[in-house]
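Notes follow the structure.
In the working numbering, the protein residues as written are 7 to 577.
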């Protein structure tokens with residue numbers, strides 16, 4: 007994952023070995039040609055299967071500042087790993103960035119304290135019974151990306167890094183796995199074919215160095231990524247060629263998956279996990295399975311999640327988010343892909359040892375073993391200004407059967423409170439009226455649709471009226487639309503000029519990116535327009551904003567930028 011916010015050993019290379027107080031121990035260059043390693047006792051496919059499910063210790067040892075706390079997370083503790091193990095995870099990926107902790111050429115010696123710290127955390131995880139994967143992480147964009155312009159220099163540093171890491175962990179448990187490089191990318195590469203050649207050079211050099219370092223490294227499971235860890239067929243085929251050349255049974259492939267991009271960040275109207283987003287997921291997993299797993303090469307989904315999470319986990323609406331993770335877990339399981347949840351601290355609390363969103367984790371956990379029923383929405387809106395009417399949701403049974411609708415600890419009465427016809431769940435007006443009570447704005451009651459297996463589907467009964475927006479003034483650095491949301495929730499925002507052309511960032515679509523161009527603040531009663539939005543708005547050209555709410559309501563508003571001043575007018 008990008009930061010918050012993307013074959014020669016020089017003679018005499020020295021390695022500072024943990025436990026030797028920084029003493030330099032010579033590491034001899036390998037000149038021996040090694041035969042194909044014997045398969046691991048249980049085989050690579052079995053080991054990768056045993057790693058399911060996995061979790062990423064993100065934004066800690068991979069942080070690019072002075073130490074592992076530089077990106078805001080606390081120091082990693084044994085207690086954190088103990089608690090992650092207790093959540094049911096069988097593997098942990100420990101991203102490591104080495105560059106900030108390396109000396110100059112030609113040795114590129116890794117700071118002994120940093121290496122010791124990595125080994126300490128790895129040993130804690132191994133002692134917990136985890137399979138552990140370490141890598142060369144943000145180095146990928148910090149200096150490895152320069153390989154097209156400095157092939158020899160980058161390769162020498164990359165080789166020196168892996169020689170030291172391989173030597174330090176040569177006798178570690180076979181449950182320790184090495185990943186050659188995270189999200190490989192190259193700056194100024196001529197084309198994908200040339201970039202694939204460069205990655206192949208890195209992957210094969212990594213393989214030769216680790217296998218030649220002895221100990222458990224001769225048969226240790228090694229993980230090779232595609233270019234950009236992409237699952238496009240061309241990228242999969244390029245990596246397949248590397249596997250064919252190496253002929254090593256103890257290898258696995260890795261790709262990352264963050265969903266269909268408009269949905270993953272909530273841009274271009276991608277508010278829902280719709281048919282397009284679903285097809286992107288299933289097509290991706292099918293390609294990966296058919297290219298690798300079907301021919302006996304295991305695959306690790308080294309990172310998965312939604313890109314919008316790096317901004318705010320609320321960027322994607324909760325129900326749509328849950329449907330995505332339910333589907334991802336199921337399709338990964340039937341396609342035999344081991345999954346590793348990307349967590350940079352936004353999911354599992356590093357000191358409180360609790361999930362920030364227990365509902366999300368319950369859905370993820372359930373998907374490891376079974377399917378869950380969902381519905382077209384987790385929200386049922388009733389306008390306070392109108393009479394209450396029956397409301398219908400479409401059930402996504404996902405191979406389950408519907409068993410009932412519950413409010414709190416009590417079951418609602420089928421035929422009176424709700425009806426079910428095929429996949430249509432209708433909640434009656436009488437039940438909505440009773441459950442909504444005084445009909446205050448917002449969620450008045452929470453129901454749970456229950457199914458034959460999996461987790462229940464939460465349904466919020468929401469009372470709303472059309473949001474009221476008021477005129478305002480501000481600056482391009484600080485502008486907010488006073489908003490009385492009146493129980494509704496903002497889904498997306500369109501921005502267009504008077505001639506109908508698109509305004510603001512992502513000019514190819516009228517629908518702007520949630521949290522980057524705009525964001526609601528329900529507690530403060532405002533809708534913020536960001537400096538990034540105004541940076542791409544023409545001076546003196548009125549912009550019509552259309553706010554789309556989850557109830558289906560739309561409200562228009564007008565803003566005009568004049569230099570750094572902004573005037574907003576309610577329609």
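The beta carbon of each residue, even a glycine, is placed where N, CA and C say it ideally should be. Values in this document were obtained by computation on a predicted structure and should not be read as measured data.
- Residue nearest to residue 247 within the set 346, 298, 287 is 298 (criterion: CA-CA distance).
- The beta carbons of residue 467 and residue 452 sit closer together than 9 angstroms.
- In this structure, the alpha-carbon of residue 564 lies about 14 angstroms from that of residue 474.
- DSSP places residue 324 inside the alpha helix (DSSP H), whose first and last residues are 324–340.
- For residue 309, the beta-bridge partners assigned by DSSP are 262.
- Inter-residue distance for residue 521 and residue 79 is about 22 angstroms (C-alpha atoms, whole angstroms).
- A residue is called buried once 16 or more other Cβ atoms fall within 10 Å of its Cβ, and residue 419, having fewer, is exposed.
- If you draw a straight line from the Cα of residue 256 to the Cα of residue 429, it comes to about 46 angstroms.
- The three-state secondary structure of residue 447, taken from DSSP, is coil.
- The beta carbons of residue 99 and residue 335 sit about 17 angstroms from each other, so the pair does not count as a contact at 8 angstroms.
- Cβ contact annotation for residue 366 (same chain, cutoff 6 angstroms, sequence separation greater than five): none.
- Measuring C-alpha to C-alpha distances from residue 168 to each of 478, 184, 178 identifies 184 as the nearest.
- By the C-beta density criterion, residue 340 is exposed, having fewer than 16 other C-beta atoms within 10 angstroms.
- Ranking 485, 486, 549, 495 by CA distance to the CA of residue 508 puts 549 first.
- Of the candidates 360, 333, 347, 361, 333 places its Cα closest to the Cα of residue 378.
- Leaving aside the five residues that flank residue 151 on each side, the residues in its chain whose CB is nearer than 6 angstroms to its CB run, in chain order, 191, 192, 193.
- In this structure, DSSP gives residue 161 a helical state, which the three-state scheme calls helix.
- Using a Cβ distance threshold of 9 angstroms, residue 518 and residue 540 do not count as a contacting pair.
- In this model, residue 346 and residue 545 are separated by some 46 angstroms (Cα to Cα).
- Close CB contacts of residue 322 within its chain, under the 7 angstroms cut and outside five residues either way in sequence, are with 272, 312, 314 (chain order).
- Within the region 112–154, the complete beta strand (DSSP E) segments of 3 residues or longer fall at 137–141, listed in chain order.
- Among the bridge pairs identified by DSSP, residue 374 is matched with none.
- A distance below 6 angstroms between beta-carbons, with the five flanking residues on each side excluded, links residue 342 to the following residues of its chain, in chain order: 299.
- Judged by DSSP secondary structure, residue 486 falls outside any alpha helix (DSSP H) and instead within the beta strand (DSSP E) spanning 485–490.
- Between residue 244 and residue 228, the C-beta spacing is not below 9 angstroms.
- Residue 388 and residue 266 have their C-alpha atoms some 31 angstroms from each other.
- In the structure shown, the three-state DSSP call for residue 401 is strand.
- By the Cβ test, the region 84–97 is in contact with the region 356–373, since at least three Cβ pairs between them sit closer than 8 angstroms.
- It is roughly 31 angstroms from the alpha-carbon of residue 216 to the alpha-carbon of residue 292.
- Here residue 65 is buried, its C-beta having at least 16 other C-beta atoms within 10 Å.
- Around the CB of residue 327, 16 or more other CB atoms lie within 10 Å, so the residue is classed as buried.
- Here DSSP, grouped into helix, strand and coil, assigns residue 509 to coil.
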